[in-house]
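Student: Those protein sequence lines, which keep their order, are chains A, B, C and D. Here this note's numbering is used: position 146 in the first sequence is 141, and no number is missing along the way. Here this note's numbering is used: position 118 in the second sequence is 113, and no number is missing along the way. Here this note's numbering is used: position 50 in the third sequence is 45, and no number is missing along the way. Here this note's numbering is used: position 222 in the fourth sequence is 217, and no number is missing along the way. C-beta: ideal position from N, C-alpha, C; glycine also.
4 protein chains.
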Amino acid sequence: MKPVTHIKIKNGMSVNELIRQMDASGVLGGGRLAKAVNISEAMINDRDCKVFLGLAGPLVPGGMREILIDLMETGWIDAVVTTGATLTHDLGEALGYRHYQGDADASDEELNKQGFDRVYESYMPNKIYEGMDDFIARNFDKLKDFKSIKDFLWKIGELTPAKSMLKSCFEKKIPIFCPAISDSGIGLMLWGQLAKGRKVEARAFEDLKEIMDIAWTAKKTGVIYLGGGVPKNYIQQAMQLAPNSAEYGVQITMDRPEPGGSSGAELKEGISWGKMNPKAQYVDLICDATIALPIIFAALKERIGNHQKL
Amino acid sequence: MKPVTHIKIKNGMSVNELIRQMDASGVLGGGRLAKAVNISEAMINDRDCKVFLGLAGPLVPGGMREILIDLMETGWIDAVVTTGATLTHDLGEALGYRHYQGDADASDEELNKQGFDRVYESYMPNKIYEGMDDFIARNFDKLKDFKSIKDFLWKIGELTPAKSMLKSCFEKKIPIFCPAISDSGIGLMLWGQLAKGRKVEARAFEDLKEIMDIAWTAKKTGVIYLGGGVPKNYIQQAMQLAPNSAEYGVQITMDRPEPGGSSGAELKEGISWGKMNPKAQYVDLICDATIALPIIFAALKERIGNHQKL
Amino acid sequence: MKPVTHIKIKNGMSVNELIRQMDASGVLGGGRLAKAVNISEAMINDRDCKVFLGLAGPLVPGGMREILIDLMETGWIDAVVTTGATLTHDLGEALGYRHYQGDADASDEELNKQGFDRVYESYMPNKIYEGMDDFIARNFDKLKDFKSIKDFLWKIGELTPAKSMLKSCFEKKIPIFCPAISDSGIGLMLWGQLAKGRKVEARAFEDLKEIMDIAWTAKKTGVIYLGGGVPKNYIQQAMQLAPNSAEYGVQITMDRPEPGGSSGAELKEGISWGKMNPKAQYVDLICDATIALPIIFAALKERIGNHQKL
Amino acid sequence: MKPVTHIKIKNGMSVNELIRQMDASGVLGGGRLAKAVNISEAMINDRDCKVFLGLAGPLVPGGMREILIDLMETGWIDAVVTTGATLTHDLGEALGYRHYQGDADASDEELNKQGFDRVYESYMPNKIYEGMDDFIARNFDKLKDFKSIKDFLWKIGELTPAKSMLKSCFEKKIPIFCPAISDSGIGLMLWGQLAKGRKVEARAFEDLKEIMDIAWTAKKTGVIYLGGGVPKNYIQQAMQLAPNSAEYGVQITMDRPEPGGSSGAELKEGISWGKMNPKAQYVDLICDATIALPIIFAALKERIGNHQKL
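1. What's the call for residue 284 of chain C, buried or exposed, on a 16-neighbour Cβ count within 10 Å?
2. Assess, as a yes-or-no matter, whether the segment 111 to 127 of chain B is touched by the segment 200 to 216 of chain B under the definition of 3 or more beta carbon pairs within less than 8 Å.
3. Within the 7 Å Cβ cut-off, does residue 133 of chain B reach chain C?
4. So with CB distances below 8 Å, who are the chain A contacts of residue -3 of chain D?
5. Just to confirm, is the Cβ distance from residue 229 of chain A to residue 75 of chain A under 7 Å?
6. So that I know if they touch, is there some Cβ in chain D lying closer than 7 Å to that of residue 113 of chain B?
7. May I ask which residues mark the beginning and end of the beta strand (DSSP E) holding residue 274 of chain C?
8. Taking Cβ positions only, does residue 305 of chain D come closer than 7 Å to chain C?
9. In whole angstroms, what is the alpha-carbon distance linking residue -2 of chain A and residue 18 of chain A?
10. Note the first and the last residue of the continuous alpha helix (DSSP H) segment covering residue 25 of chain C.
11. Measure from the alpha carbon of residue 97 of chain D to the alpha carbon of each residue in C:198, C:173 and C:264, then state which is nearest.
12. Between the segment 189 to 219 of chain B and chain C, which residues of the former have CB atoms less than 7 Å from a CB of the latter, in chain order?
13. Using DSSP's beta-bridge definition, name the partner residues of residue 221 of chain A.
14. Just the C-alpha distance for residue 305 of chain C and residue 42 of chain C, rounded to the nearest angstrom, thanks.
15. Have a look at residue 9 of chain D and residue 298 of chain D and give me their C-alpha separation to the nearest angstrom.
16. What residue range does the alpha helix (DSSP H) around residue 199 of chain D cover?
17. Output yes if chain D places a C-beta closer than 7 Å to the C-beta of residue 238 of chain C; else output no.
18. Pick helix, strand or coil for residue 267 of chain C, following the three-state DSSP scheme.
19. Have a look at residue 236 of chain A and residue 126 of chain B and give me their C-alpha separation to the nearest angstrom.
20. If you draw a straight line from the C-alpha of residue 148 of chain D to the C-alpha of residue 239 of chain D, how long is it?
21. May I have a chain-ordered list of the alpha helix (DSSP H) segments no shorter than 4 residues that lie completely inside the segment 166 to 198 of chain C?
22. Whose C-beta lies closer than 6 Å to the C-beta of residue 14 of chain D among residues of the same chain, with five residues either side of it excluded?
23. For residue 251 of chain C and residue 251 of chain A, which I take to be in contact (beta-carbon distance under 8 Å), what is that distance rounded to the nearest angstrom?
24. Check each residue of the segment 43 to 69 of chain C: if its Cβ is closer than 8 Å to any Cβ of chain D, include it; give the result in chain order.
25. Three-state secondary structure (DSSP) at residue 117 of chain A?
26. For residue 44 of chain A, does the count of other Cβ atoms within 10 angstroms reach 16, so buried, or fall short, so exposed?
27. Report back the beta-carbon spacing between residue 300 of chain C and residue 6 of chain B to the nearest angstrom; my notes put them in contact at under 8 Å.
28. Can you confirm whether the segment 243 to 258 of chain D touches the segment 217 to 226 of chain D when touching is taken to mean that 3 or more C-beta pairs between the two stretches lie within less than 8 Å?
29. Cβ atoms of residue 80 of chain D and residue 157 of chain D: under 7 Å apart, would you say?
30. Between the beta-carbon of residue 23 of chain B and the beta-carbon of residue 255 of chain D, is there less than 7 Å?
31. Is it true that the segment 134 to 152 of chain A meets the segment 165 to 185 of chain A, where meeting means three or more beta-carbon pairs spaced less than 8 Å apart?
32. If you measure from the beta carbon of residue 281 of chain C to each beta carbon in chain A, is any gap under 7 Å?
33. Out of C:291, C:296, C:226 and C:139, which has the shortest C-alpha to C-alpha gap to residue 184 of chain C?
34. Assign residue 233 of chain C to one of two classes, buried (16 or more other C-beta atoms within 10 Å of its C-beta) or exposed (fewer than that).
35. With distances taken between CB atoms, is the gap from residue 200 of chain A to residue 186 of chain B smaller than 7 Å?
36. Cα separation between residue 3 of chain C and residue 61 of chain B?
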């Protein structure tokens, strides 16, 4: 048994130096945060491993957009599954809109009159929908004939006038999946085009085929979940069906396991399903993603550097 | 200001009698549980109100299947949005499989060998997938030419050999939506047919049109959310776009609001978005759905009776 | 393995009939609620078992006062450990004050001006302190020479002009302990007397001796925890030191286990400490106490009746 | 309104540089973590402000002991309130025992046989009690005649053979309060001496007088809560009674506010009670303390340096 070595703070220590101290403590939130860094590092450095990233929760309204873009640029990620909300927020910012620092106790009625949509204490200007609608309408001819949602999203990324998570996915050819795209602002904009008599095709099962192919052909797989929801579950079912279950797993969530939902389920539960390998390295980190992600990414950058995975 | 009247327990009291006592207390979990009953009753009894029900979390593995079927039969619900998991669990039971009382501390590796998939402390036999695959394959000719996911689900309900939530939705003509159907066992079975060269069409945006139509044409709307995820968000965006926002709201979740995700967001947040009417009656109940739903449904049955909404 | 039998709701069913249905489901929140009833029933009906009740959280502001008094009157409980807050709220109501139904989003600055202390969405009138101070001052001669905090609390109960939890404990001779009494309104009132030059003696270790004696001399022990904090921990350490660890355990809390604090710790953790018997019947119920307690007590009353434990 | 500036990670950035980025994002967990640093810095640098620190939860088993000792040495803290558990863990380590990195899924029955007490995933060797008992017995003559619990704790600190949190409090003359000392291993050891016929005096109300004096004579006050329980509540009631309520507040907890308990209550609730100044700078950070404390302390050290508060 290893003793808990107490964390020692030095003046001016780097994020990774702090994580090394947390690693020596080895227990509870701090120890698990360090373990999340270690496992992420191991899966990224494992050349045989395809890394799947699931994104749920208000990452862009929460200030994580540059980190996500940076993460796509590193080459560390092989496939992304996301909610439609994050795509909407990402595209909105690429079109020049911003999110704002707000107040969780503000009057929602007043915010509604002022045109701000509240995301706990972050505000999204409602005008974002007009900008997106205009963007979709202007580019409709280039967007209408996509075969899969992934191809559609890459096309959006290509057309986006400024840097964005979608643009990085397009440029780096990282497959990005959004199984519930109709449940989002982008989905609504497409539906708006439909309502005008234009034709949009969205073959949900094309994407399923593609993510399955990545999981089936990978020698090894690793999963990183920021939040739960469809993104986590969609990756989990790919792991379940693939011949090899995941060998690395990092989950960051504030949901609890006892109600039994997929979002809060501990990663070890996946072993029963054949989603997670019984010998896998994995950790469940109970932490707000806007705290954990910047720390983990800063520590990884310090360890792995800016160079891309080979 | 109304005083907190302390709950008084009488021997043999009915569920609704207990809820009336909780209503008199008026605060915290107990008070909110009573408020959830009151608001549900009000929206069901309001003839002008269309009631939208969002279903997320392990409701069938958690013993809620009969209540859900019963709820569909009452005529109280006008539209359902669900995860694919609940449809999978529901269909599995209709095909003769059961879920089992398990142990959250069991060895997941051992369960995997025995063919059981763990949902916290409920077990699903993995054989369920074979049964579903067989069912889909046998009925494929009747399933392949659906226009929307909703029509496909109704057809499944029609074909199901025993009573089920889907069958009740079909028989009562309750539109049931599953925006992320590809993220589920049923989705996988369809994909399996595709892999065999069969053609499946799933027009995600047809469903969006239909749920929007219900929201747009309703004089009033009410929402009931068991858990969050895509089901809640999909209904919320219908409320956002409709000319009238929801006038009744009941949310039952164990997720917390501070991380900012849609699942844990308090209903009042929806006022800023135009999803919830500033004058709406609404309540956020922080409770496991497998505790709250049976109590609320028992109290409602006692109040409203078995008669259908007129 | 037992299958999950789905809960079936009948019109007008009693609380215990509903609990029997939840028991048949056997999993997640509903199943655990039923298990909490079963284990409570077993420990109450076990003549050899001494039942320890730990009380934390806003039970009186939450409408639980009549249930607590009723519970003391049943003879089911052999020892109580509580926070000082519950004693303060209980005494305040016995002196004629009430708690009020409030709003979690109210202006706290405004409430302060109006003289109301907020407990999430329950309000306590600040005047309660004057009434208590007056009560303590008037009765000081009878209160000053207590040997232990328990004796002091019984004396308060005896002197209380109306029925109260403390009065019931006094009349039924149920030892009631409050290790952190100085951390409460009652503690402050005593300190106020001290400040006026009066002498108050509080021998903390007398109480420790008494609770240890109960635990040591019991053939068997059972524990019921509403919330965590000092009440739970104080009973847990009595279980730890006693020759026999607890054979029954029911814990009701909303705290989570991962941060490692005593309040959120699962009961099974107590096995390592020798607090809980490895063969004990126990359950962790993740639920707001103001929901769970009325339901459990109603079901128990229906099962055991009003008759006192023999 | 300030826009959410997305966090940008640089290679090798220091903890405080990361916090500055989180500060620019300004929302959700990351933004609140930065705010916790800012407010802590402000209260420490405010020469008129007395800083009260409340300690609850498994800080020593969680690897925080060196940080706590370091924090006492900085001179930033003017009064500490703690659970007895932290004192027990601190003294145990000072006597040469260690905590160990364990497994939350380990067999508690097996751990019990091996003599390890589990604290989620940290293990405490049960032998710690023997060592403490021996230490107390050997030093009993020097410990028996303390006037207050605080004086007793300082004496323990003086006698401790190695550096410890208690020793630092003694040497730096930081008053340290433990209202529920009888609810702890140290309390049990004292009770053991009593059982041997020795006399121990613990005047709970002496401590109340002393903490009140600090709060009453301070020009300004600030509060930092790691966890809730008695430590938070005891400081809160000192704030309530003092003529000036707290002007700075930082709370770090994983408990949620809706059940209404003191531990999970948002700091703003304290405004209604007169515990928190309506104009105070305060923040509620929902985070595991073993993640938040090292980060906050590292950032503060970088900002304020090692020099003591003047």
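Tutor: Let me lay it out:
1. buried
2. no
3. no
4. 95 and 96
5. Cβ atoms of residue 229 of chain A and residue 75 of chain A: not closer than 7 Å.
6. Closer than 7 Å to the CB of residue 113 of chain B there is not a single CB belonging to chain D.
7. 271 to 281
8. Caution is warranted here: a pLDDT of 47 is assigned to residue 305 of chain D, below 50, making its placement in the model unreliable, and no coordinate value can be reported.
9. 12 Å
10. 23 to 40
11. C:264
12. Per Cβ criterion, the list is empty.
13. A:50 and A:247
14. Because the pLDDT at residue 305 of chain C is just 47, under 50, the model does not fix this residue reliably, and the point stays unresolved.
15. 11 Å
16. 199 to 212
17. It does not: the Cβ of residue 238 of chain C has no partner Cβ on chain D nearer than 7 Å.
18. helix
19. 16 Å
20. 28 Å
21. The qualifying runs are 180 to 190.
22. Hits under 6 Å: 29, 32 and 294.
23. 6 Å
24. Residues of the segment 43 to 69 of chain C that bring their beta carbon within less than 8 Å of a beta carbon in chain D comprise 51, 52, 53, 56 and 57, in sequence order.
25. strand
26. buried
27. 7 Å
28. yes
29. no
30. Result yes, Cβ atoms of residue 23 of chain B and residue 255 of chain D sit closer than 7 Å.
31. yes
32. yes
33. C:139
34. buried
35. yes
36. 6 Å
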